[in-house]
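J.: For the sequence shown, UniProt numbering assigns the number 414 to the last residue and increments by one with no breaks.
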Amino acid sequence: MEDRDNATWRGMIKAYERKGFELEALDLFAQMQRQGVRPSFPSLISILSACATLASLQYGRQVHAHLVRCQFDGDVYVASVLMTMYVKCGELVKAKLVFDKFPSKDIIMWNSIISGYASHGLGEEALKVFNEMPSSGTMPNKVTLIAILTACSYAGKVEEGLEIFESMESKYCVTPTVEHYSCTVDMLGRAGKVDKAMELIESMTIKPDATVWGALLGACKTHSRLDLAEVAAKKLFEIEPENAGPYILLSSINASRSKWGDVAEMRKNMRTKNVSKFPGCSWIEVGKKVHMFTRGGIRNHPEQAMILMMLEKTDGLLREAGYSPDCSHVLHDVDEEEKVDSLSRHSERLAVAYGLLKLPEGVPIRVMKNLRVCGDCHAAIKLISKVTEREIILRDANRFHHFNNGECSCRDYW
1 MEDRDNATWR
11 GMIKAYERKG
21 FELEALDLFA
31 QMQRQGVRPS
41 FPSLISILSA
51 CATLASLQYG
61 RQVHAHLVRC
71 QFDGDVYVAS
81 VLMTMYVKCG
91 ELVKAKLVFD
101 KFPSKDIIMW
111 NSIISGYASH
121 GLGEEALKVF
131 NEMPSSGTMP
141 NKVTLIAILT
151 ACSYAGKVEE
161 GLEIFESMES
171 KYCVTPTVEH
181 YSCTVDMLGR
191 AGKVDKAMEL
201 IESMTIKPDA
211 TVWGALLGAC
221 KTHSRLDLAE
231 VAAKKLFEIE
241 PENAGPYILL
251 SSINASRSKW
261 GDVAEMRKNM
271 RTKNVSKFPG
281 CSWIEVGKKV
291 HMFTRGGIRN
301 HPEQAMILMM
311 LEKTDGLLRE
321 AGYSPDCSHV
331 LHDVDEEEKV
341 DSLSRHSERL
351 AVAYGLLKLP
361 EGVPIRVMKN
371 LRVCGDCHAA
381 IKLISKVTER
391 EIILRDANRF
401 HHFNNGECSC
411 RDYW
């Protein structure tokens, strides 16, 4: 098109954001600004959503400034989108400031802040806000209850979570759905109460779905319960035969017990049924540009040599600090050296190395991953935060991990 008006830019940006092309949406937003086109309200909302998905804090702050200048920041809907963006970028303090600014909050704002605390593992804070809701004149709805049960699960607040779950109908007039059961199964499973989680599933008045059995399977992996893991995996194979997750989790349990024959059989079944694992990737924003990494995938990166040097440096510091790789997270029967090399090239480790290389001291390193962080990378990044004296914030598929001085905000309960 020779002439593009505001509606044209808005339409393309919205299309990219809605269809999962967030990077393209950000590129188009930058082009629009360079050409002197003032972004409209819908464009800013679309870009905020893209920023939330990518955890692009620098762009998010820029859009927030646009909204303030245009006096859009007083809108409750805008406040909810801003809160979501800051939460997903790991800036919970900023999200709470936006929340506190509004004297009359709608249910979406309450749900956003409770979900934010949940994703950061801050159960006490989530419960405090949850208990403030009735006095404000806003009653929790089914989304609120999913958020608070998730918060209790991630923080190990089993007693509080069970009390809320058991009083849903009598106190909040909300009938438990499969999502509420899934959160409660996850809560019991994380706490090691795997048999109680199974009892809850068996007592369900509605048919358990993949999220319920997936929560149980995850707990079985954490607590090495191969007996119930096989039950859960069998159910998942029936419900979602194309999903690679159950195969990977069951393989991981067998690999941790060196049952390589069972691991090989599981991989054979995956090939036979044409089930493929969703590739893991991590990304980091540096200078308003998002850099993507896959496991071992830096061959085409223009700064490959520098990244490898940083990896070697951190590997050396880790060894000096007493780090011992946990090779049970490698699902291949290869020698120990290959296992260690495979672990050190996980995508989150590559992204952290790039952050150490490019971001100045004092600036937090923010890394996003599309899958759950593995146990070995979690242990390694804790130590990296200590030996490099850097704050590292990792958002994986489930939650946030704030690493500082050798400790993680999850307190290894994840």
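Ideal Cβ placement from N, Cα and C applies to all residues, glycine included.
Being a predicted model, the structure only gives us computed values, none of them experimental.
What does the alpha-carbon distance come out to for the pair V212 and V37?
T.: The residue given as residue 212 occupies position 212 in the sequence shown. The residue given as residue 37 occupies position 37 in the sequence shown. So the two alpha carbons sit approximately 48 angstroms from each other.
J.: Note the first and the last residue of the continuous alpha helix (DSSP H) segment covering R18.
T.: Reading the sequence shown from its first residue, position 18 is the one you call residue 18. Note, R18: alpha helix (DSSP H), N6 to R18.
J.: Quick one: what's got a C-beta closer than 8 angstroms to K94's C-beta in the same chain, skipping five residues either side?
T.: Taking the first residue of the sequence shown as 1, we reach residue 94 at position 94. The residues are Y86.
J.: Could you pull the DSSP bridge partners for V290 from this structure?
T.: The count along the sequence shown starts at 1 and reaches residue 290 at position 290. Paired residues: E285.
J.: Tell whether a beta-carbon distance below 7 angstroms holds between residue 415 and C183.
T.: Outside the displayed range of the chain (1 to 414) lies residue 415, so it cannot be described from this structure.
J.: Quick check on T8: buried or exposed, where buried means 16 or more other Cβ atoms within 10 Å of its Cβ?
T.: If you number the sequence shown from 1, residue 8 lands on position 8. Exposed, because fewer than 16 other Cβ atoms sit within 10 Å of the Cβ of T8.
J.: Three Cβ pairs or more, each shorter than 8 angstroms: is that satisfied between the region 58 to 74 and the region 107 to 126?
T.: no
J.: Using CA coordinates, which residue listed in Y413, I393, R399 and A397 is at the minimum distance from N405?
T.: Taking the first residue of the sequence shown as 1, we reach residue 405 at position 405. Closest option to N405, Cα to Cα, is I393.
J.: Is it buried or exposed for D412, if we count other Cβ within 10 angstroms and need 16 for buried?
T.: Numbered from 1 along the sequence shown, position 412 holds the residue referred to as residue 412. Result: exposed.
J.: According to the neighbour-count rule (16 or more other Cβ atoms, all chains shown, within 10 Å of its Cβ), is Y16 buried or exposed?
T.: By one-based count along the sequence shown, residue 16 stands at place 16. Per the 10 Å Cβ criterion, buried.
J.: If contact is defined by three or more beta carbon pairs under 8 angstroms, each pair taking one atom from either stretch, is the region 368 to 385 in contact with the region 299 to 319?
T.: Verdict: yes, contact present.
J.: Name the two residues that bound the continuous beta strand (DSSP E) containing I392.
T.: Along the sequence shown, read from residue 1 onward, the residue named residue 392 stands at position 392. Unbroken beta strand (DSSP E) run through I392: I392 to R395.
J.: If we count the other Cβ atoms within 10 Å of its Cβ and call it buried at 16 or more, is K289 buried or exposed?
T.: Within the sequence shown, residue 289 is the residue found at index 289, counting from 1. Exposed.
J.: Can at least three beta-carbon pairs, one atom from the region 158 to 169 and one from the region 134 to 150, be found at a separation below 8 angstroms?
T.: yes
J.: With hydrogens ignored, establish whether the beta-carbon of P103 is closer than 6 angstroms to any heavy atom of the ligand GDP.
T.: With respect to small molecules bound, the structure shown includes none, and the ligand GDP cannot be examined in it.
J.: Could you check which residue in V194, R190, L250 and L350 has the C-alpha nearest to that of N269?
T.: Taking the sequence shown and counting its residues from 1, the one referred to as residue 269 is at position 269. When each option's Cα is compared against that of N269, the closest is L250.
J.: Taking all protein chains shown into account, do 16 or more other C-beta atoms lie within 10 angstroms of the C-beta of P279, making it buried, or fewer, making it exposed?
T.: Position 279 of the sequence shown holds residue 279. Exposed.
J.: Thinking C-alpha only, which one of G137, Q62, E199 and P208 is nearest T177?
T.: Taking the first residue of the sequence shown as position 1, residue 177 is located at position 177. Looking at the Cα atoms, P208 is the closest of the given residues.
J.: Indicate whether C281 and S347 have their beta-carbon atoms separated by less than 7 angstroms.
T.: Numbered from its first residue, the sequence shown carries residue 281 at position 281. Numbered from its first residue, the sequence shown carries residue 347 at position 347. It is a contact, given that the beta carbons lie within the stated cut-off.
J.: For H346, which of helix, strand or coil comes out of DSSP?
T.: As a position in the sequence shown, residue 346 is number 346, starting the count at 1. Here H346 sits in coil by DSSP.
J.: Can you look up V263 in the DSSP assignment and give me helix, strand or coil?
T.: Within the sequence shown, numbered from 1, the residue matching residue 263 stands at position 263. Correct three-state label for V263: helix.
J.: Straight-line CA distance for R267 to K273?
T.: Here residue 267 refers to the residue found at position 267 when the sequence shown is read from its first residue. Here residue 273 refers to the residue found at position 273 when the sequence shown is read from its first residue. Distance between R267 and K273, taken at the CA atoms: about 10 angstroms.
J.: Of all the CB atoms in chain D, is at least one closer than 7 angstroms to the CB of D5?
T.: Going by chain labels, chain D is absent from the structure shown, which holds only one protein chain.
J.: Apply the 10 Å Cβ neighbour rule to Y77 and answer buried if 16 or more other Cβ atoms are within range, or exposed otherwise.
T.: Locating residue 77 in the sequence shown gives position 77, where the first residue counts as 1. The residue is exposed, with fewer than 16 neighbouring Cβ atoms inside 10 Å.
J.: What residue range does the beta strand (DSSP E) around M368 cover?
T.: Against the sequence shown, residue 368 aligns to sequence position 368. First-last of the beta strand (DSSP E) with M368: I365 to K369.
J.: What residues in its chain sit with their C-beta under 6 angstroms from that of N254, if we drop five residues either side in the sequence?
T.: In the sequence shown, counting from the first residue as 1, residue 254 sits at position 254. Contacts found: D262 and V263.
J.: Candidates T388, H378 and R390: which alpha carbon is nearest R399's?
T.: Residue numbering aside, residue 399 sits at position 399 when the sequence shown is read from its first letter. Of all alpha-carbon atoms in T388, H378 and R390, the one lying nearest the alpha-carbon of R399 is that of H378.
J.: Less than 7 angstroms separating the beta-carbons of A50 and A79?
T.: The sequence position of residue 50 within the sequence shown is 50, counting from 1. The sequence position of residue 79 within the sequence shown is 79, counting from 1. Contact flag unset, no.
J.: In terms of residues, what are the limits of the beta strand (DSSP E) holding N404?
T.: Along the sequence shown, read from residue 1 onward, the residue named residue 404 stands at position 404. Where N404 is concerned, the enclosing beta strand (DSSP E) starts and stops at F400 to N404.
J.: Could you pull out every residue in the same chain whose Cβ sits closer than 6 angstroms to the Cβ of E125, ignoring the five residues on either side in sequence?
T.: For the purposes of this step, residue 125 is taken as residue 125 along the sequence shown, with counting starting at 1. Only residues of its own chain outside the window of five on either side were considered, and among them Y117 have a CB closer than 6 angstroms to the CB of E125, listed in chain order.
J.: Could you give the DSSP three-state label for D335: helix, strand or coil?
T.: Locating residue 335 in the sequence shown gives position 335, counting from the first residue. Residue placement at D335 cannot be trusted, given a pLDDT of 43 that sits under 50; the coordinates are not used to answer.
J.: Could you tell me which whole alpha helix (DSSP H) segments of length 4 or greater appear in the UniProt repeat "PPR" (106 to 140)?
T.: 107 to 119 and 123 to 132
J.: Which stretch, first to last residue, makes up the alpha helix (DSSP H) that contains L160?
T.: Here the question's residue 160 lines up with position 160 in the sequence shown. According to the sequence shown, residue 160 is Glu rather than Leu. Residues V158 to E166.
J.: Between D5 and S43, what straight-line distance do the alpha-carbon atoms span, to the nearest angstrom?
T.: The sequence position of residue 5 within the sequence shown is 5, counting from 1. The sequence position of residue 43 within the sequence shown is 43, counting from 1. If you take the alpha carbons of D5 and S43, they lie about 12 angstroms apart.
J.: Let me make sure I understand the geometry here. Which of F130, T222 and M292 has the alpha-carbon closest to that of V367?
T.: Residue numbering aside, residue 367 sits at position 367 when the sequence shown is read from its first letter. Of the listed residues, the one whose Cα sits closest to V367 is M292.
J.: What are the uninterrupted segments assigned as alpha helix (DSSP H) that are 4 or more residues long and contained completely in the region 45 to 105, given in chain order?
T.: 57 to 69, 76 to 88 and 92 to 101
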